[in-house]
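Trainee: Okay, here's the structure, questions in a sec.
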Amino acid sequence: MHHVLVDHWSQGASPLHARDARAKILVLLVFLIVLATTPADAYVTLAIDAAVLVSGILLAGLPPISVLVRAAGILPFSAAFGAITWLAGDGWRAVALIEKSYLSAVAVLLLVGTTPLPRLLSGLEALGTPRILVLLAQFLYRYLFVISEQAQHLQLAAACRGGSSGRRQSRFRAAAGALAVLFARSYYRAEGIHRAMLSRGFGGRFSLLNPMRFGALDAVFTGAIVALLIMARVQ
Amino acid sequence: MHIPDNFLATPVWATLDAISAGAVGVTIRRAGRDLPDTRIPLLGVMGAFVFAAQMINFPVGAGTSGHLVGGALLACTIGPAPAVLVMTTILAIQAFVFQDGGVLALGANVFNMAVAGVLAGYLPFRLLGASRRGLAIFTGGFLSVLVSGSLALSELLISGVRMPRALVFTSFGLFAMNALIEGAITISVVQALDKLNPGFVQKPAASTGRILVVCGCVALLLGAAGFLIASSAPDAIQNLGQTLGISTQPAFQTPMANYTAGKFESAWLRRATAGLTGLLLICGLCAAGARMIARRRSA
Amino acid sequence: MKPIVEIRDLHFRYEDGTLALDGVNFALYPGETVALLGANGSGKTTFVLQLNGILEGIGSVEVCGLPVTKENLPPIRSKIGMVFQDSDEQLFMPTVLEDVAFGPLNQGCTPEQAMEKARVALRQVGMEHALGKAPYHLSAGEKRKVALAGVLAMQPEILVLDEPTTFLDPPAQRNLVHLLRELPQAKLIVTHDVHFARALAQRAAFFEKGKLVADGPIEEIAERFQWNYSALDADLRYSAQRRF
Numbered sequence: 001m002h003h004v005l006v007d008h009w010s011q012g013a014s015p016l017h018a019r020d021a022r023a024k025i026l027v028l029l030v031f032l033i034v035l036a037t038t039p040a041d042a043y044v045t046l047a048i049d050a051a052v053l054v055s056g057i058l059l060a061g062l063p064p065i066s067v068l069v070r071a072a073g074i075l076p077f078s079a080a081f082g083a084i085t086w087l088a089g090d091g092w093r094a095v096a097l098i099e100k101s102y103l104s105a106v107a108v109l110l111l112v113g114t115t116p117l118p119r120l121l122s123g124l125e126a127l128g129t130p131r132i133l134v135l136l137a138q139f140l141y142r143y144l145f146v147i148s149e150q151a152q153h154l155q156l157a158a159a160c161r162g163g164s165s166g167r168r169q170s171r172f173r174a175a176a177g178a179l180a181v182l183f184a185r186s187y188y189r190a191e192g193i194h195r196a197m198l199s200r201g202f203g204g205r206f207s208l209l210n211p212m213r214f215g216a217l218d219a220v221f222t223g224a225i226v227a228l229l230i231m232a233r234v235q
Numbered sequence: 236m237h238i239p240d241n242f243l244a245t246p247v248w249a250t251l252d253a254i255s256a257g258a259v260g261v262t263i264r265r266a267g268r269d270l271p272d273t274r275i276p277l278l279g280v281m282g283a284f285v286f287a288a289q290m291i292n293f294p295v296g297a298g299t300s301g302h303l304v305g306g307a308l309l310a311c312t313i314g315p316a317p318a319v320l321v322m323t324t325i326l327a328i329q330a331f332v333f334q335d336g337g338v339l340a341l342g343a344n345v346f347n348m349a350v351a352g353v354l355a356g357y358l359p360f361r362l363l364g365a366s367r368r369g370l371a372i373f374t375g376g377f378l379s380v381l382v383s384g385s386l387a388l389s390e391l392l393i394s395g396v397r398m399p400r401a402l403v404f405t406s407f408g409l410f411a412m413n414a415l416i417e418g419a420i421t422i423s424v425v426q427a428l429d430k431l432n433p434g435f436v437q438k439p440a441a442s443t444g445r446i447l448v449v450c451g452c453v454a455l456l457l458g459a460a461g462f463l464i465a466s467s468a469p470d471a472i473q474n475l476g477q478t479l480g481i482s483t484q485p486a487f488q489t490p491m492a493n494y495t496a497g498k499f500e501s502a503w504l505r506r507a508t509a510g511l512t513g514l515l516l517i518c519g520l521c522a523a524g525a526r527m528i529a530r531r532r533s534a
Numbered sequence: 535m536k537p538i539v540e541i542r543d544l545h546f547r548y549e550d551g552t553l554a555l556d557g558v559n560f561a562l563y564p565g566e567t568v569a570l571l572g573a574n575g576s577g578k579t580t581f582v583l584q585l586n587g588i589l590e591g592i593g594s595v596e597v598c599g600l601p602v603t604k605e606n607l608p609p610i611r612s613k614i615g616m617v618f619q620d621s622d623e624q625l626f627m628p629t630v631l632e633d634v635a636f637g638p639l640n641q642g643c644t645p646e647q648a649m650e651k652a653r654v655a656l657r658q659v660g661m662e663h664a665l666g667k668a669p670y671h672l673s674a675g676e677k678r679k680v681a682l683a684g685v686l687a688m689q690p691e692i693l694v695l696d697e698p699t700t701f702l703d704p705p706a707q708r709n710l711v712h713l714l715r716e717l718p719q720a721k722l723i724v725t726h727d728v729h730f731a732r733a734l735a736q737r738a739a740f741f742e743k744g745k746l747v748a749d750g751p752i753e754e755i756a757e758r759f760q761w762n763y764s765a766l767d768a769d770l771r772y773s774a775q776r777r778f
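Residue numbers (the working numbering), protein chains in the order written: chain A, 1 to 235; chain B, 236 to 534; chain C, 535 to 778.
Okay, structure coming up:
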């Protein structure tokens, strides 16, 4: 699954991986905002933005082709809209749409490919994201893989019992039944988690463990990249 | 529909980010008591369930299959406020981990699917659920997808994304079809859930004066659908006017004539500002009107 | 010697009315290992959930001299460490280290203290290398060991394990047996696996339809209730004979 690969990338040990999550998030936001406000024909700015991303990928030790291919998932959608915009006579805008949406996807991939999700969540919380959303994301991500596997098994089991033949209505109902079973199993799993939490003395409030330190290197990193991006934008 | 980055105009995504942040913040504060830390694993797990459930194929004919989106299903099982938060979390994870939907556009996607979509999915259940449960649940599923799709489409149009009329109508048609599928899947799953454990789906009490919320949603729908139809080509009335030789020039100048506002250089920024301002005005008026009605009712 | 766990006349009924425990009397002494045997649905798991207050029945339940009441739950949950059958339900934190540190944090340790206790516990079960890993990257056996570490980090006096061999292959089972034999705590092991039980426990308690019907040396109990493979061998020999 896609997120397993990204998860694997995020476990690396490059200088980029070592940066504080808050620094990387801030840099990403500045990058995206600068990119979004860059006019269609500012190709120098766009080239600099692309160069920043490529250097990021190389610094992080991520497999470049793999990253660029993964980000290309956005292309069918933006290419379609790009084609329409081109046909409507707005050529520059069409190209910009495709370029910018692709660069945005690479940028986001670079963030999650160099930051394990627990640390990313801690960084988001430190930057002001409500605690409950951070905790929700933590639990969701933890059980995403487990429950997705279960869903695949249920689909397979239904298919084995004559899934691709049979009347559409009964297959529809079978799928609904599988979904209901998945719901029930998830619900009871949550009850089991609750029991396990209580058994280890849960007192009513989670305390997150991730110690973060925003060091000098993080400040330099953030300052330098933000300055570069803004200078590229305003020239 | 997850809108990627760089499709929406800056005023559009920035405003929607602010609106979503506000809406989610209000939801968290209002639901505070009902969301102790002990409930979080359940909500997280149900979020993972929705993610996984989106993978299950529902055959809908001609070799195609539909999938559950899940806003309405979540709303009538875990409750509307938790559903808003769970859908928000799902969208955030989809944006960051799967690059499905933009990061700057997250506010727009959250507004469309986690806030408006869940609200539209829950309201029929709340209003009709006691008396005509099956219809209520189907309508909830249907509206949740239709509203979020329409809003997405409107936002793209307001941002000046070129969409020929045919494409707009085709897209809307696709959303309508997906909406029907969502309704069908949601009611099927609820029926299956009832057989497993009748306690899974909430039992809505017979509702009384939540007209405020109804007005708010109708306003949203109108605002969303209204901008779909906004087009610079002369419409039927103007056409009629031209044929009959009656002047179609406005009698007086208004601040946002021809759907442009502000002194921006870019044409689409002007239209975007106008469009959004219009939407906010309509929402505001309806909300104010609803409050007046409510006050008169309770007086 | 005073029992470390003492239960007198325990009754428990589920919400739907089914009688799950019907007058159970039991005592566990420091340092001993007792296997809880019985058919599915006989009440074994319901029984152990009473010990740390997850379920509340009628009767006397005392752990380390403390009656199991709401006020006593925090210290009791520190003294009894429970390892559940489904490790995925037990390892709910994003990484191994955070999960094992969860218990100590709840006991009032600072984050540094909690992490240190977690490391020690992980070292004890041989999983220190997996500190930063996410639980879904671990095998069933590894998850089981981490779950055990999560409980050991709280320094309990009693260990309760519910079907610990579930999903474990024979090498993992052997590993677990050796691990458990090293631990000094009193242990209650709910299991269907008679070999596993025999390797660890001297005594067994047999549950039947919510009643504790027998309590004694494990070999006797296994023989008496045909709760072993020799019964299966006897069946197979009998049906082989009948064919001639």
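Positions of the beta carbon are idealized from the N, C-alpha and C atoms, including for glycine. These numbers were taken from a predicted model, which means no experiment stands behind them.
By DSSP, does residue 615(C) sit in helix, in strand, or in coil?
Mentor: In the structure shown, residue 615(C) sits in a strand (DSSP, three-state: E or B).
Trainee: Of the choices 217(A), 35(A), 121(A), whose alpha-carbon is the least far from that of residue 139(A)?
Mentor: Measuring from the Cα of residue 139(A), the nearest candidate turns out to be 121(A).
Trainee: Using the DSSP secondary-structure output, state which residues sit across from residue 594(C) in a beta bridge.
Mentor: 542(C).
Trainee: Specify the secondary structure class of residue 679(C) as computed by DSSP and reduced to three states.
Mentor: Residue 679(C): helix per DSSP, three-state reduction.
Trainee: Residues of the segment 143-175 of chain A with a CB closer than 7 Å to any CB of chain C: list them in chain order, please.
Mentor: Those would be 145, 146, in chain order.
Trainee: Three-state secondary structure (DSSP) at residue 413(B)?
Mentor: The answer is helix: DSSP assigns residue 413(B) an H, G or I state.
Trainee: Output, in chain order, the set of chain B residues within a Cβ distance shorter than 7 Å of residue 237(A).
Mentor: Residue coverage of chain A in this structure runs from 1 to 235, which leaves residue 237(A) outside it and unanswerable.
Trainee: Near residue 435(B), which residues of its chain fall below 7 Å by C-beta distance, leaving aside the five closest residues on each side in sequence?
Mentor: 312, 428.
Trainee: So which residues of chain C does residue 214(A) contact, with C-beta pairs closer than 9 Å?
Mentor: Within 9 Å Cβ-Cβ: nothing; residue 214(A) doesn't reach chain C, min ~18 Å.
Trainee: Compute the Euclidean distance between the alpha carbons of residue 245(B) and residue 336(B), then round it to the nearest angstrom.
Mentor: Those two C-alpha atoms are separated by around 16 Å.
Trainee: With a cut-off of 8 Å on the beta carbons, I'd call residue 733(C) and residue 570(C) a contact; round off their distance for me.
Mentor: 15 Å between Cβ atoms; not a contact.
Trainee: Compare the C-beta of residue 342(B) against all C-beta atoms of chain A and say whether one is closer than 8 Å.
Mentor: Residue 342(B) does not count as touching chain A.
Trainee: At the 8 Å Cβ level, is residue 254(B) part of the contact set with chain A, yes or no?
Mentor: Not closer than 8 Å to any Cβ of chain A, the Cβ of residue 254(B) fails to qualify, so no.
Trainee: Output the distance between the C-alpha atoms of residue 587(C) and residue 58(A), rounded to the nearest integer angstrom.
Mentor: Answer to the nearest angstrom: the Cα atoms are 54 Å apart.
Trainee: Using a beta-carbon distance cut-off of less than 8 Å, what residues from the segment 311-331 of chain B approach chain A?
Mentor: Residues passing the 8 Å Cβ filter: 312, 320, 321, 323, 324, 325, 327, 328, 330, 331.
Trainee: Chain B beta carbons: is any one of them nearer than 8 Å to that of residue 194(A)?
Mentor: It does; some Cβ of chain B falls within 8 Å.
Trainee: In the DSSP assignment, what residue or residues form a beta bridge with residue 692(C)?
Mentor: Looking at the DSSP assignment, residue 692(C) forms a beta bridge with 614(C), 720(C).
Trainee: Starting from residue 600(C), follow its DSSP beta bridges and name the residues at the other end.
Mentor: Its beta-bridge partners are 597(C).
Trainee: Pull the bridge partners of residue 748(C) from the DSSP assignment, please.
Mentor: DSSP output for residue 748(C) lists 740(C) as bridge partner(s).
Trainee: Beta-carbon of residue 247(B) versus every beta-carbon of chain A: anything under 8 Å?
Mentor: Residue 247(B) does not count as touching chain A.
Trainee: Based on DSSP bridge pairs, tell me the residues matched to residue 629(C).
Mentor: Bridge partners of residue 629(C): none, in fact.
Trainee: Taking DSSP's pairing of strands, which residues face residue 547(C) in a bridge?
Mentor: BP columns for residue 547(C) point to 553(C).
Trainee: Give a yes or no on whether the C-beta atoms belonging to residue 687(C) and residue 634(C) are separated by under 8 Å.
Mentor: Yes; because the gap between Cβ atoms is below 8 Å, this pair is in contact.
Trainee: Which residues in the same chain have their Cβ closer than 8 Å to the Cβ of residue 201(A), if we skip the five residues on either side of it in sequence?
Mentor: No residues qualify anywhere along the chain.
Trainee: Beta-carbon within less than 7 Å of residue 81(A)'s beta-carbon, same chain only, minus the 5 sequence neighbours each way: which residues are those?
Mentor: For residue 81(A), where only same-chain residues beyond five positions count, the Cβ hits under 7 Å are 97.
Trainee: Just grab the DSSP bridge partners of residue 562(C) for me.
Mentor: Paired residue(s): 539(C).
Trainee: Is residue 299(B) helix, strand or coil by DSSP?
Mentor: DSSP places residue 299(B) in strand when its eight states are reduced to three.
Trainee: Which residues in the same chain have their Cβ closer than 8 Å to the Cβ of residue 73(A), if we skip the five residues on either side of it in sequence?
Mentor: Around residue 73(A): 105.
Trainee: For residue 160(A), count neighbouring Cβ atoms within 10 angstroms of its own Cβ and tell me buried if that reaches 16, exposed if not.
Mentor: Residue 160(A) should be labelled exposed.
Trainee: From the DSSP output, in three-state form, read off residue 183(A) for me.
Mentor: DSSP places residue 183(A) in helix when its eight states are reduced to three.
Trainee: Is there a Cβ from chain A that is less than 8 Å from the Cβ of residue 240(B)?
Mentor: So yes, residue 240(B) belongs to the interface.
Trainee: Which chain B residues are close to residue 221(A), counting only those with a beta carbon under 8 Å from its beta carbon?
Mentor: Neighbours of residue 221(A) on chain B: none; closest Cβ ~19 Å, over 8 Å.
Trainee: Can you tell me whether residue 235(A) is buried or exposed? The criterion is at least 16 other CB atoms within 10 Å of its CB, across all chains shown.
Mentor: It is exposed - the Cβ of residue 235(A) has fewer than 16 other Cβ atoms within 10 Å.
Trainee: By the 10 Å Cβ neighbour count, where 16 or more other Cβ atoms means buried, how is residue 65(A) classified, buried or exposed?
Mentor: By the neighbour-count rule (16 or more Cβ atoms within 10 Å), residue 65(A) is not buried but exposed.
Trainee: What distance in whole Å lies between the Cβ atoms of residue 285(B) and residue 305(B), which are believed to be in contact at a cut-off of 8 Å?
Mentor: Yes, residue 305(B) and residue 285(B) are in contact; Cβ-Cβ is about 4 Å, under 8 Å.
Trainee: I need the DSSP call for residue 27(A), collapsed to helix, strand or coil.
Mentor: In the structure shown, residue 27(A) sits in a helix (DSSP, three-state: H, G or I).
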